[in-house]
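Q:
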Amino acid sequence: MRAHPYRLLNIIALLVVIIVNALANLLPIAGKTTGELSDQYPVLITPAGYVFSIWSLIYLLLAGFVIYQAMPSYAERQRIRQIGPLFILTCVFNCSWILVWHYELLPLSVLIMLALLGTLIVIYTGIRQVQEPPTLGERLFVYLPFSLYLGWISVATIVNVTVLLYDLGWDGFGWSATTWTAIGIGVTVVLAALIGYRYSDAAFMLVFVWALVGIGVKQQSGDSTVSTAAFVAAALVFLLMLGMLLRKRRAF
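If you read the sequence shown in our numbering, its first letter stands for residue 5, the second for the next number, and so on.
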């Protein structure tokens, strides 16, 4: 079986993503950093600034993935071939989102974010449908990067949609921002539990814990109801994750 043809392209694509994201804040693109743009939209579900440092870990793990998939001894494995050109597509969407976000094209940013989310879902489910058991290397360099990436983009999609609605002046059918944020937090809990339990994925669930704690921290000096809801939700997801791990351990 020939090794997949995207080995070098995957490396180049990730390098482009890292460069574009760096330039977005160093130049910055359109005169504002990514964080400054986020601060323009004071939606309650946006986590504290430190939470976004998870990107460093995601990119580090993705670097591990592109190196792993390029090695001749692993490039022919079915899970690597299953991804095909989809990783390159995620990189295209990632860079595109940065550009449209910095030029404040919010409706387009949501569409691109949804496209990125959908592509990551296809990758995530596809690599788990391969019948042969994953090796340790695949768990570390294939499963883990895409668990964190999908988890974070799931959270980011909720925030991105909320920002768009805020910018459009949506009145929330008369419900308060606090109520809608609590609903959004509830959605994150359900999503974390459904995917986490379906695929026994603690890493995916931990991303939601990280984000929810960040929401709680940011709103400690703002909306106490949202802060409390976020902390409770984070604790609930964490306990669900522990329960899943204990159940899995007993099964063995």
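All C-beta atoms in this analysis are idealised placements derived from N, C-alpha and C, irrespective of residue type, glycine included.
Since we're looking at a predicted model, the values are computed, not measured.
Under a three-way DSSP split, which group does P149 fall into?
A: It is helical.
Q: Where in the region 36-82 do unbroken runs of the alpha helix (DSSP H), each at least 4 residues long, occur, reported from the N-terminal end onward?
A: Segments of the alpha helix (DSSP H) lying fully in the region 36-82: 38-43, 58-74, 76-79.
Q: How close, in whole Å, do the beta carbons of F145 and Y72 come, if the pair is a contact with beta carbons under 8 Å?
A: About 4 Å; that satisfies the 8 Å criterion.
Q: Could you check if C99 belongs to the surroundings of the ligand MG, using beta carbon to heavy atom distance under 7 Å?
A: For the structure depicted, the ligand MG is absent and the ligand set is empty, with no information on it obtainable.
Q: Beta-carbon within less than 7 Å of V55's beta-carbon, same chain only, minus the 5 sequence neighbours each way: which residues are those?
A: Only W214, A215, G218 meet the Cβ criterion.
Q: Expressed to the nearest angstrom, what Euclidean distance is found between the alpha-carbon atoms of E40 and K252?
A: Whole-angstrom Cα-Cα distance: 43 Å.
Q: Do you know how far the Cα of Y63 is from the Cα of F97?
A: Each residue's Cα considered, the two are about 15 Å apart.
Q: Since S162 and V191 should fall inside the 8 Å C-beta cutoff, what is the C-beta to C-beta distance between them, to a whole number of angstroms?
A: First, the amino acid is wrong: residue 162 is Ile here, not Ser. About 7 Å separates the two Cβ atoms, so the contact holds.
Q: Are the CB atoms of G141 and Y78 nearer to each other than 8 Å?
A: For G141 and Y78, yes; Cβs fall inside 8 Å.
Q: Within the chosen definition, does the region 16-36 reach the region 102-121 through at least 3 CB pairs nearer than 8 Å?
A: Contact between the region 16-36 and the region 102-121 is present, because at least three Cβ pairs lie under 8 Å.
Q: Would T94 pass as a contact of L112 if the rule is Cβ separation under 8 Å?
A: No; because the gap between Cβ atoms is not below 8 Å, this pair is not in contact.
Q: Once the 5 residues before and after L149 are set aside, which same chain residues still bring their CB inside 6 Å of it?
A: The residue asked about is misnamed: residue 149 is Pro in this sequence, not Leu. Excluding positions up to five away in sequence, the list reads L65, L66, F69.
Q: Is it true that the CB of G155 sits closer than 8 Å to the CB of F242?
A: Contact: no.
Q: Output yes or no for whether 8 Å exceeds the beta carbon distance between Y147 and P138.
A: Yes, the pair counts as a contact, with Cβ atoms nearer than the cut-off.
Q: Measuring CA to CA, which of V134, L198, P51, V159 is closest to D227?
A: Residue P51 is the option with its Cα nearest to D227.
Q: Below 7 Å CB to CB, which residues in the same chain sit around L27 once its five sequence neighbours on both sides are set aside?
A: Contacts found: I33.
Q: What is the residue span of the alpha helix (DSSP H) that T139 lies within?
A: Unbroken run through T139: none, as it is neither H nor E.
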